[in-house]
């Protein structure tokens, strides 16, 4: 899908104006980028702020692979405070730079 979008963007359809010939965009490119970035971070915070730590805290291996190799390697296989701490460490390592 990304390849198709790039091809469309650099083809003759990349300059196609949606709307009247004399209409101008309501928002600037920076505003569009800011809105899309905010929406992406917002959905990540709303959904993954709960789902990701719970996934790493789980020890059932429902997906046939270890959910939290960091905690499993440390020998913390029971659902304890230590496993929750390891789950939060993995989550923070995924979200610290771009979140």
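Residue numbers (my numbering): 461 to 559. Beta carbons: idealized from backbone N, C-alpha and C, even for Gly.
Local conformation of residue i per DSSP, three classes
i: residue 506; result: helix
i: residue 483; result: coil
i: residue 491; result: helix
i: residue 514; result: helix
i: residue 536; result: coil
i: residue 496; result: helix
i: residue 548; result: helix
i: residue 520; result: coil
i: residue 501; result: helix
i: residue 557; result: coil
i: residue 543; result: helix
Cβ-Cβ separation, residue j to residue i (assumed contact under 8 Å), whole Å
i: residue 543; j: residue 536; result: 5 Å
i: residue 547; j: residue 517; result: 4 Å
Unbroken alpha helix (DSSP H) run spanning residue i, endpoints
i: residue 529; result: 529–533
i: residue 462; result: 462–470
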